[in-house]
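Below is one structure; the comments refer to it alone.
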Amino acid sequence: MNAEFTADEMMTIAAARLLTSDDVCFVGIGPPSAACNMARLTHAPGITLIYESGTIGTAPTVLPLSIGDGELCDTALTTVSVPEMFRYWLQGGHITVGFLGAAQIDRFANINTTVIGDYAAPRTRLPGGGGAPEIASLSQKVFVTMKQSLRSMVEEIDFVTSFGHGNGAGDRAAIGLTTFGPAALITDLALWEPDPETAELTVTSLHPGIDRQAVQDQCGWPVRFAEGLVESPLPTEEELSALREIKARTEKAHAPRP
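My numbering numbers the first residue of the sequence shown as 151 and each following residue consecutively.
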């Protein structure tokens, strides 16, 4: 067991542990991609990774810079058109897990990746939704990974890019959604899951060395902690090695050429 790890590594490993070889996973760029590929390289070798550009069954040797990275197409089992990706794979119910990031999230896992501030005159204009709204609505379940901060975990998000659980349990069904929606939020401090009755995000596992106050200090609403709160298992040598090796290959591949 290796106790030397960073908060980012713990977040990625905790997220990867939620995946299985049976999953068909729609992957977002950044932390979701790192988590999904780490799972593929360790305990979930049979996982099917799909990126928005239409690459199916991709197995990149380095983490992609974007959904258009040639590494994804080069290592995919096949590549289909974007309309086919969304119409057949996503709308057809074949995606078991949609893995997303967020700039802002609220207590019911609604996500903002559009603007910070007023939409007409924002302080910051973000990359936007891309396929995230559809992924959040149509994947069988959704995992979100992000660092905790008072700026990112807010009482009310500035714009609803991707629908989570609305204002609570039953809101997805009320607008015709039949999928579960956000099933986990994985941060650098804790694992959060929706309460079965209210759908409010609740801390079910604290990462090693993190206490309740540290989680509350980086959250903009009063945090709920599960009665059966546990500590996340320490990263294993296998998990740390797999994650560090793919990140090292990625840095080398993307380093400036002399």
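Heads up, the beta-carbon is just placed ideally off N, CA and C, and yes, glycines get one too.
Check                                                                                                                                                              : Outcome
Go through its chain and collect everything with a Cβ distance to H244's Cβ below 7 Å, but skip five positions before and after it.                                : V174
Q254 bridges to which residues according to DSSP?                                                                                                                  : N262
Where does the unbroken beta strand (DSSP E) through P272 begin, and where does it stop?                                                                           : P272 to R275
Please classify R273: is it buried, with 16 or more other beta-carbons within 10 angstroms of its beta-carbon, or exposed?                                         : exposed
Touch check for the region 236-255 and the region 298-317: three-plus C-beta pairs under 8 Å?                                                                      : yes
Leaving out five residues before and five after A345 in sequence, what residues of the same chain have Cβ atoms less than 6 Å from its Cβ?                         : Note on residue identity: the sequence assigns Asp, not Ala, to residue 345. Here the set comprises T352.
Below 6 Å CB to CB, which residues in the same chain sit around E234 once its five sequence neighbours on both sides are set aside?                                : none
In whole angstroms, give me the CA-to-CA distance for G218 and I200.                                                                                               : 12 Å
Can you tell me which of the three DSSP states T198 falls into?                                                                                                    : strand
Taking C-beta to C-beta, are T192 and E389 nearer than 8 Å?                                                                                                        : yes
Closest by CA to F146, which one among A189, D367, G359 and L379?                                                                                                  : Since the first residue shown for the chain is 151 and the last is 408, residue 146 is missing from the structure and cannot be characterised.
Are there 16 or more other CB atoms within 10 angstroms of the CB of E350, so buried, or fewer, so exposed?                                                        : buried
Just verifying my parser: in three-state terms, what is the DSSP assignment at R399?                                                                               : helix
Can you tell me the Cα-Cα spacing of F375 and W342, whole angstroms?                                                                                               : 9 Å
Figure out for me which residue from E202, I307, T229 and A209 has the closest Cα to the Cα of S216.                                                               : E202
Applying the 10 Å Cβ sphere with the 16-neighbour rule, what's the burial state of T198?                                                                           : buried
Ordered along the chain, which non-local residues of its own chain (more than five positions away) have a Cβ less than 7 Å from that of G279?                      : T263, T264, T311 and S312
Helix or strand or just coil, what does DSSP make of I307?                                                                                                         : coil
Spatial neighbours of G318 within its chain, please: CB distance less than 8 Å, with the 5 preceding and 5 following residues excluded, ordered by chain position. : F258, T348, A349 and E350
If you draw a straight line from the alpha carbon of N152 to that of A403, how long is it in whole angstroms?                                                      : The predicted model places N152 with a pLDDT of 49, which falls under 50 and marks its position as unreliable, so this point remains unresolved.
Quick check on T124: does DSSP put it in helix, strand or coil?                                                                                                    : Past the boundaries of the shown model lies residue 124; the chain is included only from 151 to 408, so the question cannot be answered.
In three-state DSSP terms, what is T162?                                                                                                                           : helix
Under the assumption that R399 contacts V230 (Cβ atoms under 8 Å), give the Cβ distance between them as a whole number of angstroms.                               : Their Cβ separation, rounded to whole angstroms, is 27 Å, which puts R399 and V230 out of contact at 8 Å.
If we ignore side chains and look at the alpha-carbon of each, how far apart do V369 and G331 end up?                                                              : Reading off the sequence, residue 369 comes out as Cys, not Val. Roughly 21 Å between the two C-alpha positions.
Which term fits R167, buried or exposed, when burial requires 16 or more other beta carbons within 10 angstroms of its beta carbon?                                : buried
Could you tell me which residues DSSP pairs with V292 in its beta bridges?                                                                                         : G248 and P332
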